[in-house]
Each structure stands twice: as structure tokens, then as C-alpha cells.
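Undergrad:
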Amino acid sequence: QVHLVESGGGSVQPGGSLRLSCAVSESIFNFNAVGWSRQAPGKQRELVASINVGGSQNYADSVKGRFTISREAATNTVYLQMDSLKPEDTAIYYCSGHMLSRSYWGQGTQVTVSS
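Residue numbers are given in the working numbering: position 68 of the sequence shown equals residue 50, and the series is strictly consecutive.
(1) Does the segment 12 to 26 come within contact of the segment 73 to 82, defined as at least 3 CB pairs closer than 8 Å?
(2) Mark Thr91 as exposed unless 16 or more other C-beta atoms lie within 10 angstroms of its C-beta, in which case mark it buried.
(3) Could you check whether Ala31 and Gly47 sit closer than 7 Å to each other, using their CB atoms as the reference points?
(4) Could you spell out the range, first to last residue, of the beta strand (DSSP E) harbouring Phe13?
(5) Do Gly(-10) and Ser9 have their C-beta atoms closer together than 7 Å?
(6) Going along the chain, which unbroken runs of the beta strand (DSSP E) with 3 or more residues stay wholly within the segment 41 to 86?
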């Protein structure tokens, strides 16, 4: 069974940085793509960033230039570096892995940006 476990969330002031980590229980190259989504209170979950098996990255317009997704094959870990954080980035952030047959999700980690 596939497991994804996020870590690295917390509280930060506007303009600050956080790095989220997602530990995956199997090779990240078993997935067509891995990514990060977020869900703020009262809003739908939205895709923030993804990286496919070939290394191509995709970002939501709201985070382009501020967030960077990366992966480390040796440890089956996916990262989300978040810089220049804004209050509107406050949300629960979820890691996901997508195969042709189904998708897998972590339990989420809270990110709060507030002064």
C-alpha cells in the first residue's frame, strides 16, 4: 500500500519561507507525476505544483516565481520550497502521487502565514 507523509508545515510571517517534505513509501518514479495541492478554509482544493516522471514542472499562477517543487530519488522524497509567503498562502498542503489507475494523497500539513 502506498503512503505519503508530509512534514515541514508551521507558522511564518509574511515574506518568510518554509520547505515542505513528502516521504513516499515507494519509488517516486512509479508515479506519472507527484505534486502539492492546498485547501484553504471554505475553498476548494487547488493544485499548487507538480512534477512529472520526465521532470517537467507545473505551477499555479498564484505561486509562480515563489514556490519550487523538487524531488530526491534516493530517498523517495518530494519537496516544496515556498518563499515570499503571503497570508493568502495559508492552507492545508497535501502531497499526492498520480498513476494511471489512481491517485494517492497524504494527510496534509498546515501552513499559516500571519503577522
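Note that CB positions come from ideal geometry on N, CA and C, so glycine has one too.
TA: A quick look at the data gives this:
(1) yes
(2) Counting C-beta atoms within 10 angstroms of its own C-beta, Thr91 has 16 or more neighbours from the protein chains shown and is therefore classed as buried.
(3) No, they are not a contact pair.
(4) Phe13 -> no beta strand (DSSP E), and no H or E assigned at all.
(5) no
(6) 49 to 54, 59 to 64, 73 to 80
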